[in-house]
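Undergrad: Input: one structure, supplied below.
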Amino acid sequence: MKQRSDRIMAEWAEGNRLMGFERRNWNSGRRLAWLCVVLLFAGLAVDLLLGSSLMVILCWTGAAASGMTMLIRFYDDRFFITRRADFQDRR
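Our numbering applies: residue 40 is where the sequence shown begins, and numbers increase by one.
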């Protein structure tokens, strides 16, 4: 089973390389997702422990902003990491 999945992944990677596959910048997406989750939990903790509505609003606004930034960076083509499309030389 392992050899079969390795072969399938190798074929998939080779096909993507030949087509000039563009990939997303996953590191920035992970960081923004982590920030969003941390701010959501921080807002919840502040609400339960301190009851400070101003801090809760600030935490949840920051979480919404980081989540929106994450989605924009995920779907915007300007933030793709492109590989050299060498498939044109092979045809």
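Glycine included, each C-beta is placed from N, C-alpha and C at the ideal position.
Tell me the rounded alpha-carbon separation between Tyr-114 and Leu-79.
TA: 23 angstroms
Undergrad: Rounded to whole angstroms, what is the Cα-Cα separation between Gly-101 and Ser-44?
TA: 41 angstroms
Undergrad: Got a sec: does the ligand NAD put a non-hydrogen atom nearer than 7 angstroms to the Cβ of Ala-103?
TA: Inclusion of the ligand NAD in the displayed structure is not the case, the ligand content being empty and no account of it being possible.
Undergrad: Report, in whole angstroms, the separation of the C-beta atoms of Val-95 and Gly-82, which I expect to be a contact under 8 angstroms.
TA: Right, the Cβ-Cβ distance comes to about 5 angstroms (below 8 angstroms), so this counts as a contact.
Undergrad: Check for me: the alpha helix (DSSP H) holding Leu-71 runs from which residue to which?
TA: 65-88
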